[in-house]
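First comes the structure, then the notes that go with it.
Numbering (our numbering), first residue to last: 1 to 83.
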């Protein structure tokens, strides 16, 4: 599964990479080099970040599911107990 970015996000990331290279390496990087670097990051680093995000989401969902029985519990046969 490859990570696909929308055009606006990709353009903002390319601009950010160019700025980062200029500020931290004193090197002006063109769009082509920035695109190659972004592609490398998406292919090499992206899956690890994606997988961790999925694991984090699963953990949150499991916590929520574990709370369902306490948050959504209704006492059965409670009609006569109220009187």
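No residue lacks a Cβ here, since even glycine has one placed at the ideal position from N, Cα and C. All of these numbers come straight from a predicted model, not from anything done at the bench.
Starting from residue 46, trace the alpha helix (DSSP H) both ways and give me its first and last residue. Looking at the DSSP string, the run of the alpha helix (DSSP H) that includes residue 46 is 46-71.
Just to confirm, is the Cβ distance from residue 5 to residue 37 under 8 Å? no
Cβ-Cβ distance between residue 14 and residue 35 below 8 Å: Against a cut-off of 8 Å, the Cβ pair of residue 35 and residue 14 comes out as a contact.
Proximity below 8 Å, CB of residue 29 to CB of residue 21: yes
What does a CB cutoff of less than 7 Å around residue 31 pick up in its chain, not counting 5 residues either side in sequence? 14
What's the C-alpha gap between residue 74 and residue 67? 13 Å
Helix or strand or just coil, what does DSSP make of residue 20? DSSP, reduced to helix, strand and coil, places residue 20 within a helical segment of the structure shown.
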